[in-house]
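In our numbering, the protein residues as written are 7 to 301. No residue lacks a Cβ here, since even glycine has one placed at the ideal position from N, Cα and C.
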């Protein structure tokens, strides 16, 4: 056995299954499971002093006498004690690191478990709400079919409610139909009024208003566009007829003015002739009176 190998084997601390881990095992420690290890007692955390076994001295062969003297010098060397203290401090550091890792893993597992519990409760509550929504939808809606359904038990509250709901639905449908007819009638009358107003506007303001109404008509319901075109056609015909009547009246007025001018001219001519004849007659009468007085 060489000197280095023999000295390494004698300086290595003796460990058992309850002792702390060595520096070499600290870096080659296998992966721990998520389940934390049981808490160690203060006795287990204390470092174990290497056992010193006293063996009877044996006579060594002459070739090994030199190695024994070297071993004795190594034991008295202070560097050996420093190495032991370093190994012991590394063991304590590994112990502390292991305990902290176990505590952190335990805390993480606890938080993860609580989060999973909360998530499970949320999912359960959501499923419960979905069940409450789905449950009435799965039941047959007998009241919509307007059928009389009575409860099988003594308590007839549910059946009575269904009958009352049936009556309410029937009354609502009847009222809705009546109101719908009234609304349709009122809407038709209002459309007629609108068309009449447009027709009067077209008849009053002419083709310009017709163009404006056509541009501002917008989207119309089926059938309204035809009625609007018919109204425009009637209004345009009325406007054209009114224009023709106005033109005829203007021509008649011009003819009347012309006739009145002719009549006035004739009247002036007649009055002039009468005045001339009257003057001539007065001259003749004056002449005759002078002759009569002279005679």
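- Distance from residue 233 to residue 259 at the Cβ level is roughly 38 Å; contact not present, criterion being Cβ atoms closer than 8 Å.
- For the 7 Å CB-CB criterion, residue 205 and residue 237 form a contact.
- Classified as buried, residue 241 has 16 or more neighbouring CB atoms from the shown chains inside 10 Å of its CB.
- Take the alpha-carbon of residue 124 and the one of residue 100: they are about 36 Å apart.
- Distance between residue 195 and residue 174, taken at the CA atoms: about 31 Å.
- Residue 283 and residue 276 have their C-alpha atoms spaced approximately 10 Å apart.
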